[in-house]
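S.K.:
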């Protein structure tokens, strides 16, 4: 977990899962995979297994150790709703988020149908909490745009889109029921270009629908040079955030002990069963 994230729209990252697999064109130049694979085979490194998916239950309780309120991007190096992550482990992650109500959690997925399924079932206890924001990635019309409807069908209190990397003109979007839209271009080696008119179209639709709009970056091979100014200004809007003070120290430590207990249970299960002890098929797109 990093308490000083370089991601423009969050304060910190928390990764109780590491690794992922590609399922749509937005995954082609995955920054997380590029980072993780640098350390494959390095003894005792958190990413010694590269970008292979694995549960990290020893990280489960970490948000409860942070006393000051933060905005936390959940699984910046994975996808919580990956098919190989057991339902019960996702529930454990959500229970920590529910306990740590002084933070704001941002959960982002490309597995939108599974998120919808769980938010209407095993995660119903967390769906309506104002400090947990649920979002989907949208990169194109074929794979990304259908996720918006899945998100809208989920009983989430706060819904958001991460339109990054934006790979084409998305056309007219239905933004009803959404609270926040982030837009950004792809960055790094081989970055695919993003046309300005694609961005301004989404911005104008957000203004019309009264949805908070955040422009993250133009991207490209040198994103620090291209920056994040759109038509002469930056866009940094966020949804309304409910800020709750941290509980008294004795109460926080009690919650921490509770979370550490089920963290140890999962550590034992992972040691016994390998990566997750449960897998199911999922479509993979190069």
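Residue numbers (the numbering used here): 10 to 295. Ideal placement from N, C-alpha and C gives every residue a C-beta, glycine not left out.
Taking C-beta to C-beta, are residue 91 and residue 39 nearer than 7 Å?
M.R.: Counting from 1 along the chain shown, the entry for residue 91 is found at position 82. Counting from 1 along the chain shown, the entry for residue 39 is found at position 30. Remark: C-beta atoms of residue 91 and residue 39 do not approach each other more closely than 7 Å.
S.K.: Could you say which of 36, 66 and 222 lies nearest to residue 18 if we only look at CA atoms?
M.R.: To locate residue 18, count along the chain shown from 1; it is residue 9. The residue with the shortest Cα to Cα distance from residue 18 is 222.
S.K.: State buried or exposed for residue 275, treating a residue as buried only when at least 16 other CB atoms are found within 10 Å of its CB.
M.R.: One-based indexing of the chain shown puts residue 275 at position 266. Looking at its Cβ environment, which holds 16 or more other Cβ atoms inside 10 Å, residue 275 is buried.
S.K.: Using C-beta distances below 7 Å, list every residue in its chain close to residue 1, excluding the 5 sequence neighbours before and after it, in chain order.
M.R.: An answer regarding residue 1 cannot be provided, because it is not within the stretch 10 to 295 covered by the chain.
S.K.: By DSSP, does residue 149 sit in helix, in strand, or in coil?
M.R.: For the purposes of this step, residue 149 is taken as the residue at position 140 of the chain shown. DSSP places residue 149 in coil when its eight states are reduced to three.
S.K.: Report buried or exposed for residue 293, applying the criterion of at least 16 other Cβ atoms within 10 angstroms of its Cβ.
M.R.: Taking the first residue of the chain shown as position 1, residue 293 is located at position 284. Note that residue 293 has pLDDT 47, beneath the 50 cutoff, so the model's placement of it is unreliable and no number is given.
S.K.: For the alpha helix (DSSP H) that contains residue 209, what are its first and last residues?
M.R.: Position 200 of the chain shown, counted from the start, is the residue given in the question as residue 209. 205-218 is the span of the alpha helix (DSSP H), which, as asked, contains residue 209.
S.K.: Do residue 254 and the ligand SAM come close, with the Cβ less than 6 Å from some heavy atom?
M.R.: As for the ligand SAM, it is missing from this structure, which has no ligand bound.
S.K.: Please check the pair residue 270 and residue 261, which I expect to be a contact at CB under 8 Å, by giving their CB distance rounded to whole angstroms.
M.R.: The sequence position of residue 270 within the chain shown is 261, counting from 1. The sequence position of residue 261 within the chain shown is 252, counting from 1. Not confirmed; about 15 Å, so no contact.
S.K.: Give the DSSP-derived three-state secondary structure of residue 26 in the structure shown.
M.R.: Residue mapping note: residue 26 aligns to position 17 of the chain shown, counting from 1. Note: residue 26 maps to strand in three-state DSSP.
S.K.: Between residue 226 and residue 193, how many whole angstroms is the CB-CB distance? I'm expecting something under 8 Å.
M.R.: What you label residue 226 is simply residue 217 of the chain shown in a count that begins at 1. What you label residue 193 is simply residue 184 of the chain shown in a count that begins at 1. Correct: roughly 5 Å between the Cβ atoms.
S.K.: Exposed or buried, which one is residue 295 when buried takes at least 16 other CB atoms within 10 Å?
M.R.: As a position in the chain shown, residue 295 is number 286, starting the count at 1. For residue 295, the pLDDT reaches just 37, beneath the cut-off of 50, and the residue's location in the model is therefore unreliable, although a value from the coordinates is still provided. Label assigned to residue 295: exposed.
S.K.: Do you know whose CA, among 35, 134 and 155, lies nearest residue 176's CA?
M.R.: In the chain shown, residue 176 corresponds to position 167, counting from 1. Checking every option, the nearest Cα to that of residue 176 belongs to 35.
S.K.: Would residue 69 and residue 105 qualify as a contact pair, given that the criterion is a beta-carbon distance under 7 Å?
M.R.: Within the chain shown, residue 69 is the residue found at index 60, counting from 1. Within the chain shown, residue 105 is the residue found at index 96, counting from 1. For the 7 Å CB-CB criterion, residue 69 and residue 105 form a contact.
S.K.: Compute the Euclidean distance between the alpha carbons of residue 154 and residue 121, then round it to the nearest angstrom.
M.R.: Looking up residue 154 in the chain shown gives position 145. Looking up residue 121 in the chain shown gives position 112. If you take the alpha carbons of residue 154 and residue 121, they lie about 11 Å apart.
S.K.: If residue 279 and residue 239 are in contact, beta carbons under 8 Å, what's the gap, nearest whole angstrom?
M.R.: Indexing the chain shown from 1 puts residue 279 at position 270. Indexing the chain shown from 1 puts residue 239 at position 230. That belief does not hold up - the Cβ atoms of residue 279 and residue 239 are roughly 44 Å apart, past 8 Å.
S.K.: Suppose the cutoff is 6 Å on Cβ atoms and the five residues either side in sequence are ignored; what does the same chain contact list for residue 161 look like?
M.R.: If you number the chain shown from 1, residue 161 lands on position 152. Closer than 6 Å at Cβ, skipping near neighbours: 186.
S.K.: Check residue 43 in the structure and name its three-state DSSP category.
M.R.: To locate residue 43, count along the chain shown from 1; it is residue 34. If DSSP states are grouped into helix, strand and coil, residue 43 belongs with the helices.
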